[in-house]
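Inspection log for the structure reproduced underneath, given as structure tokens.
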Amino acid sequence: SEGIEGATANLMAPIVFNTETKRARQVVLEGSGLPLRAPLFPPEKKACEAGG
Numbered sequence: 072s073e074g075i076e077g078a079t080a081n082l083m084a085p086i087v088f089n090t091e092t093k094r095a096r097q098v099v100l101e102g103s104g105l106p107l108r109a110p111l112f113p114p115e116k117k118a119c120e121a122g123g
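Once you know that position 5 of the sequence shown is 76 in this note's numbering, the rest is easy, because the numbers rise by one and skip nothing.
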């Protein structure tokens with residue numbers, strides 16, 4: 072367990088909420104090229120690496 076720093080979001084198959092009907096569905100975005108595990112808190116680049 073990495074804590075909150077290791078948290079990820081599934082961008083390839085997000086859960087979509089309908090606030091009017093109060094229902095939710097997972098939608099798989101095939102061929103989107105989006106990651107299955109995108110970090111919510113990507114590591115920060117150091118100033119020397121970022122060119123400044």
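A virtual CB, placed ideally from N, CA and C, is assigned to each residue, including glycine. Since we're looking at a predicted model, the values are computed, not measured.
Alpha carbon to alpha carbon, what distance is there between residue 112 and residue 88? Taking the straight line joining both Cα atoms gives about 23 angstroms.
Need the endpoints of the beta strand (DSSP E) that residue 96 sits in, please. Here the beta strand (DSSP E) through residue 96 covers 94 to 97.
Check for me: the beta strand (DSSP E) holding residue 112 runs from which residue to which? Note, residue 112: premise wrong, no beta strand (DSSP E); not H, not E.
Give the straight-line distance between the Cα atoms of residue 110 and residue 78, rounded to the nearest whole angstrom. So the alpha carbons of these two residues sit roughly 6 angstroms apart.
If I follow the unbroken beta strand (DSSP E) through residue 89, where does it start and stop? Counting along the chain, the unbroken beta strand (DSSP E) around residue 89 starts and ends at 86 to 89.
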